[in-house]
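Student: Count the sequence shown with full-length UniProt numbering and you get residues 1 to 686, in order. Heads up, the beta-carbon is just placed ideally off N, CA and C, and yes, glycines get one too. Got a structure for you, questions after.
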Amino acid sequence: VEVEARSLPMELSDKRGVENNGFVQNEAFEDKETDTSSQEEMPNKCSVDVDPMAVEETVLKPYAGMPKEVLMQFSSQARYRVTREILFWLIIAGSIALVCATIAIIALSPKCLDWWQASPIYQIYPRSFKDSNMDGNGDLKGIQEKLDHITSLNIKTIWITSFFKSPLKDLGYGAEDFYDIDPIFGSMRDFENLIAAIHDKGLKVIMDLIPNHTSDKHRWFQLSRNRTGKYTDYYIWKDCRQAAGSVVPPNNWVSVFGGSSWQFDDVRKQCYYHQFGKEQPDLNFRNPAVQQEIHDIIKFWLGKGVDGLSFRTVKFLLEATHLRDEPAVDSQNGVIITAYSQLYHDYTSTQVGLHDIIRSFRHTMNEFSTEPGRYRFMSSGDDEKEDIEATMMYYGTTFIQEADFPLNFNLINMKNLSGNSVFEAVDSWMKNMPAGKWPNWAVGSPNAARISTRIGKEYVNVMNMLLLTLPGTPVTYYGEEIGMENIASGNVSEETSLTTLVTLPEKSPMQWDGKVNAGFTEGNSSWLPVNSNYQSVNVEIQSTLSNSTLSLYRALTLLRNNELPMNRGWMCHIWNDSNVFVFVRELDGLDRVFMMVLNFGQESTIDLKAIAPSLPSEAVIRLSTHFSNAGEVVNTKLIKTESGEGLVLKYKTTKPFHTMEAFKGKCFVAQKACYSKALNLLYMNC
């Protein structure tokens, strides 16, 4: 007997059943499975009750490894869709917040110090630094041999003075060829190797460029004196009158070295103009072709990898075309004018159009500054002495940049040394410097007597302390880190012209050790004599002494590099008198302050607490020119200093001087920055 249920679909009750085309077996069927009679009595259709809970248990749930088709069945369910949307918008909101925070940090962060701001600059006169080939003259390979000494000073920028091919009668300042190295210093390959070695050590290099004049041996001058093509007007030529068998110059203009600044040329039968020696004819910068020549020279050396240029004597680039006599300082008739100081130089320096030329130099250098980390530095090196406003013009304007800074000779030009004179030299620069510009300082140069000779050995350390704690970029002339002195003028040979003899004593060979010729050369002699004190004043011996000038110099550069208030903080002048100069370095957001108490006179005792009542009663000596005093605690009501002594004091305060009304006009900052202790970063809007 066939069971009808196998061939017919089972129908469930109206509301609680589902249709099933398969065979349904339950206990009722099992009980009657052997009973054929009951099978015959089975109805054609039957209703089966289904438990709702059992139906729910058959609903499919997510499981690991399910295929995409199954997964998609759950994607539209509310609990998954809402969770997914919440996560999506959280990610979007987080990304926006991160971008906004990044933009805010960038917008609020001060500009990082560039390489020429972050490190002192070490100036080298190459002929006197190190001789590598035993000919008695320093050279480029010698500089390369001694790069480790420069890095040991915590210095990252080297400034090499002129090394162009030159007759050397003017110590190399009148170039015979702007595109070549003088053989006395080496070859172009030596220069390229030096540049590579400097950059390999993470250092930068600046070189001199003197565009005002050339040597009279220069090819341009030889062509010009023969009136050859475009070179005819490369120099300043004027007719000279003949009187009583002698040449009468066009006017009363006087050379910097004295005597008429006009020289008659037998070939061209005219006079040419020279601001310096007669072997250094001035270029005619009113000729566009001459300006283009200088731009090409700039491009050539920047293309060689030079990181910066120091343009010297630029105030002399233009002269008045009317050729009038310059007014005399002493207006009495009959006074014979022979010295440069006897005239007001209204027509031979800082003429209208000068700064347009300097801006064009800056523009050319900027073409090489587009590569990240390769900004090309530019300085101008004219000593205006009394005319501080003329010096500041070389910074350019707010919108038009010229030099990154003009060289500052204030500390070199001081006529006498005292706390007051040092304050005046510092204050003069800081008060006149345009807002947002960067200062610089130097206490030595190739054209000034060394510190030891100029003001005395006892002031070497305190002058270095001043140099390395002032805001801005310090420039150290080689040998000042060990306290070198001038050699006696009588020891100078007569191989150079008389006009340059006065600048030789400060160019004596670097004193490296106590061996013959101070380790400067292994040859029999050096181009200038070594100072007789080389056995006690040299790099080797001072490196072993904790209380040496060299050790103090290294400690000061390390302090400057590592402490934010010292390398970019405020400077506030606290006190000065005939003996001492006192100032602080502080930074918004930092409670750590450094105070410099520098003695440039006689022994002194000062009550700083009376001058600044907000000072704490005690401060710690962070560094001292007397090394044994470091770490001691001093009473700010009774600070004693000896002649030539310098102290770097450290203390903590919540009341910085630059926020006090009494010191508003005594505080300066070049690039303002504030410190956030919570975020450990600098920001601008304090």
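Pull up the distance between the alpha-carbon of Lys141 and that of Val443, whole angstroms please.
Tutor: Residue numbering aside, residue 141 sits at position 141 when the sequence shown is read from its first letter. Residue numbering aside, residue 443 sits at position 443 when the sequence shown is read from its first letter. Approximately 27 Å between the Cα atoms of the pair.
Student: Does the Cβ-Cβ distance between Asn410 and Asp577 come in under 8 Å?
Tutor: In the sequence shown, residue 410 corresponds to position 410, counting from 1. In the sequence shown, residue 577 corresponds to position 577, counting from 1. Not a contact, by the Cβ cut-off of 8 Å.
Student: What residue does the beta strand (DSSP E) around Trp575 start on, and which one ends it?
Tutor: Your numbering for residue 575 matches position 575 in the sequence shown. Start and end: 570 to 576.
Student: Could you name the residues of the same chain whose beta carbon sits closer than 6 Å to that of Cys100, not counting the 5 residues immediately before and after it, in chain order?
Tutor: Here the question's residue 100 lines up with position 100 in the sequence shown. Closer than 6 Å at Cβ, skipping near neighbours: no residue.
Student: What's the C-alpha gap between Thr499 and Gly259?
Tutor: If you number the sequence shown from 1, residue 499 lands on position 499. If you number the sequence shown from 1, residue 259 lands on position 259. Caution is warranted here: a pLDDT of 42 is assigned to Thr499, below 50, making its placement in the model unreliable, and no coordinate value can be reported.
Student: Closer than 7 Å by C-beta to Leu682: which residues in its own chain qualify, once you throw out the five before and the five after it? Chain order, please.
Tutor: Mapped onto the sequence shown, residue 682 falls at position 682. Contacts found: Ser109, Pro110, Ala673, Cys674, Tyr675.
Student: Comparing alpha-carbon positions, which option in Arg450, Thr476, Ala93, Glu458 lies nearest Trp441?
Tutor: Residue 441 sits at position 441 when you count from the first residue of the sequence shown. Checking every option, the nearest Cα to that of Trp441 belongs to Thr476.
Student: Using the Cα positions of Asp385 and Met207, report the straight-line distance between them to the nearest angstrom.
Tutor: Here the question's residue 385 lines up with position 385 in the sequence shown. Here the question's residue 207 lines up with position 207 in the sequence shown. The question names Asp, but residue 385 in the sequence shown is Lys. Computed Cα separation, rounded: 23 Å.
Student: Distance check for Gly569 and Ala678, CA to CA, integer angstroms please.
Tutor: Taking the sequence shown and counting its residues from 1, the one referred to as residue 678 is at position 678. Taking the sequence shown and counting its residues from 1, the one referred to as residue 569 is at position 569. One C-alpha to the other measures close to 19 Å.
Student: With respect to the beta strand (DSSP E) encompassing Pro474, which residues constitute its N-terminal and C-terminal limits?
Tutor: If you number the sequence shown from 1, residue 474 lands on position 474. Note, Pro474: beta strand (DSSP E), 473 to 477.
Student: Excluding five sequence neighbours on each side, which residues of the same chain lie with their C-beta closer than 7 Å to the C-beta of Ile220?
Tutor: Your numbering for residue 220 matches position 220 in the sequence shown. The question names Ile, but residue 220 in the sequence shown is Trp. For Trp220, where only same-chain residues beyond five positions count, the Cβ hits under 7 Å are Thr214, Tyr231, Tyr234.
Student: When the distance is taken between beta carbons, is Thr348 closer than 8 Å to Phe316?
Tutor: Reading the sequence shown from its first residue, position 316 is the one you call residue 316. Reading the sequence shown from its first residue, position 348 is the one you call residue 348. Result yes, Cβ atoms of Phe316 and Thr348 sit closer than 8 Å.
Student: Just tell me which of Gln342, Asp325, Tyr459, Glu319 has its CA closest to the CA of Gly353.
Tutor: To locate residue 353, count along the sequence shown from 1; it is residue 353. For the residues Gln342, Asp325, Tyr459, Glu319, the minimum Cα distance to Gly353 belongs to Glu319.
Student: Rounded to a whole number of angstroms, what is the C-alpha to C-alpha distance between Glu642 and Gly601?
Tutor: Within the sequence shown, numbered from 1, the residue matching residue 642 stands at position 642. Within the sequence shown, numbered from 1, the residue matching residue 601 stands at position 601. About 8 Å.
Student: Looking at the secondary structure, which residues open and close the beta strand (DSSP E) in which Ala243 lies?
Tutor: By one-based count along the sequence shown, residue 243 stands at place 243. Counting along the chain, the beta strand (DSSP E) containing Ala243 begins and ends at 241 to 243.
Student: Measuring straight from C-alpha to C-alpha, what distance separates Gly456 and Asp330?
Tutor: The residue labelled residue 456 in the question sits at position 456 within the sequence shown. The residue labelled residue 330 in the question sits at position 330 within the sequence shown. Approximately 35 Å, taken between the alpha carbons.
Student: Could you check whether the segment 604 to 622 touches the segment 633 to 641, counting it as contact only if at least three pairs of C-beta atoms, one from each stretch, sit closer than 8 Å?
Tutor: Flag = yes, the segment 604 to 622 and the segment 633 to 641 touch.
Student: Leaving out five residues before and five after Leu417 in sequence, what residues of the same chain have Cβ atoms less than 7 Å from its Cβ?
Tutor: The residue you call residue 417 lines up with position 417 of the sequence shown. For Leu417, where only same-chain residues beyond five positions count, the Cβ hits under 7 Å are Ile455, Tyr459, Phe600.
Student: For Val669, count neighbouring Cβ atoms within 10 angstroms of its own Cβ and tell me buried if that reaches 16, exposed if not.
Tutor: Position 669 of the sequence shown, counting from 1, holds the residue named residue 669. When all chains shown are included, Val669 counts as buried.
Student: Shorter than 8 Å from the beta carbon of Ala662 to some beta carbon of chain B?
Tutor: The chain labelled as chain B is not found in the depicted structure, where only one protein chain is given.
Student: Pick helix, strand or coil for residue 689, following the three-state DSSP scheme.
Tutor: Outside the displayed range of the chain (1 to 686) lies residue 689, so it cannot be described from this structure.
Student: Distance check for Gly277 and Ser255, CA to CA, integer angstroms please.
Tutor: Sequence index remark: in the sequence shown, residue 255 carries index 255 (1-based). Sequence index remark: in the sequence shown, residue 277 carries index 277 (1-based). The alpha-carbon atoms of Ser255 and Gly277 are separated by roughly 7 Å.
Student: Give me the residue from Ile297, Pro249, Glu367, Phe300 with the minimum Cα distance to Ile337.
Tutor: For the purposes of this step, residue 337 is identified with residue 337 of the sequence shown, where counting begins at 1. The residue with the shortest Cα to Cα distance from Ile337 is Pro249.
Student: Measuring CB to CB, does Arg425 end up less than 8 Å from Met414?
Tutor: Taking the sequence shown and counting its residues from 1, one reaches residue 425 at position 425. Taking the sequence shown and counting its residues from 1, one reaches residue 414 at position 414. Reading off the sequence, residue 425 comes out as Ala, not Arg. Against a cut-off of 8 Å, the Cβ pair of Met414 and Ala425 comes out as a contact.
Student: Based on the DSSP output, what are the partners of Gln123 in its beta bridges?
Tutor: Mapped onto the sequence shown, residue 123 falls at position 123. Looking at the DSSP assignment, Gln123 forms a beta bridge with Trp159, Tyr477.
Student: Along the alpha helix (DSSP H) that carries Ile106, what are the first and last residues, could you check?
Tutor: Position 106 of the sequence shown holds residue 106. Counting along the chain, the alpha helix (DSSP H) containing Ile106 begins and ends at 78 to 108.
Student: In angstroms, rounded to a whole number, what distance separates the CA positions of Gly436 and Pro126?
Tutor: Counting from one through the sequence shown, the residue named residue 436 turns up at place 436. Counting from one through the sequence shown, the residue named residue 126 turns up at place 126. Those two C-alpha atoms are separated by around 34 Å.
Student: To the nearest whole angstrom, what separates the beta carbons of His573 and Phe423, a pair I think is in contact under 8 Å?
Tutor: One-based indexing of the sequence shown puts residue 573 at position 573. One-based indexing of the sequence shown puts residue 423 at position 423. With 8 Å as the limit, His573 and Phe423 qualify as a contact, their Cβ atoms being about 7 Å apart.
Student: Pick helix, strand or coil for Ile541, following the three-state DSSP scheme.
Tutor: Taking the sequence shown and counting its residues from 1, the one referred to as residue 541 is at position 541. Looking at Ile541 - three-state DSSP - the assignment turns out to be helix.
Student: Ends of the alpha helix (DSSP H) at Thr151?
Tutor: The residue given as residue 151 occupies position 151 in the sequence shown. It spans 147 to 152 - the alpha helix (DSSP H) in which Thr151 sits, taken as one unbroken run.
Student: Who are the near neighbours of Pro474 in its chain, counting only those whose CB is closer than 6 Å to its CB and skipping five residues on each side?
Tutor: Residue mapping note: residue 474 aligns to position 474 of the sequence shown, counting from 1. Excluding residues within five positions, the ones whose Cβ falls inside 6 Å are Pro120, Trp441, Leu467, Leu468.
Student: Where does Val205 fall in DSSP's three states?
Tutor: For the purposes of this step, residue 205 is taken as residue 205 along the sequence shown, with counting starting at 1. Three-state DSSP puts Val205 in a strand.
Student: Which same chain residues, not among the five before or five after Met660, have their C-beta less than 8 Å away from its C-beta?
Tutor: Here residue 660 refers to the residue found at position 660 of the sequence shown. For Met660, where only same-chain residues beyond five positions count, the Cβ hits under 8 Å are Ser614.
Student: Counting Cβ pairs closer than 8 Å, one from the segment 156 to 169 and one from the segment 261 to 271, do we hit at least three?
Tutor: Too few Cβ pairs lie closer than 8 Å, so no.
Student: Helix, strand or coil for Ile357, going by three-state DSSP, please let me know.
Tutor: Here residue 357 is taken as the residue at index 357 of the sequence shown, counted from 1. The answer is helix: DSSP assigns Ile357 an H, G or I state.
Student: My output table needs one value for Pro434: the three-state DSSP class, helix, strand or coil.
Tutor: Along the sequence shown, one-based indexing puts residue 434 at 434. Residue state, collapsed to three classes: coil.
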